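Q: Using our numbering, the first residue of the sequence shown is number -18, and each one after it goes up by one. Positions of the beta carbon are idealized from the N, C-alpha and C atoms, including for glycine. Being a predicted model, the structure only gives us computed values, none of them experimental. Input: one structure, supplied below.
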Amino acid sequence: MGVVEWCKSQFSDTQCCNPFSWLVQLFPILDWLPKYKWKSDLSQDIVSGVTIAVVHIPQGNYYYFFFAI
């Protein structure tokens, strides 16, 4: 199966021919970034990112040093 056949099997005819739809499927950020609510969501996203970093960075270091990967 060639690239063209794969594209046609994955996308409908309108999406395959529309470059913007193809880019949105390739980079989903193009779809949700214009709709992002900066004032209400950014602070919560920063808190969640810091929380995950505080948990996962030490956990990754533990696994690295303990199991000598």
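1) For Ala49, report the span of its alpha helix (DSSP H) as first-last.
2) Report the three-state DSSP secondary structure of Lys16 (helix, strand or coil).
3) With distances taken from CA atoms, which of Trp19, Ser2 and Glu(-14) is nearest Leu11?
4) Express the C-alpha separation of Tyr45 and Val35 in angstroms, rounding to a whole number.
5) For Pro39, which of helix, strand or coil comes out of DSSP?
A: A quick look at the data gives this:
1) Ala49: not part of any alpha helix (DSSP H); DSSP gives it neither H nor E.
2) Under the three-state reduction of DSSP, Lys16 is assigned to helix.
3) Measuring from the Cα of Leu11, the nearest candidate turns out to be Ser2.
4) Whole-angstrom Cα-Cα distance: 16 Å.
5) In the three-state DSSP reduction, Pro39 falls in the helix class (H, G or I).
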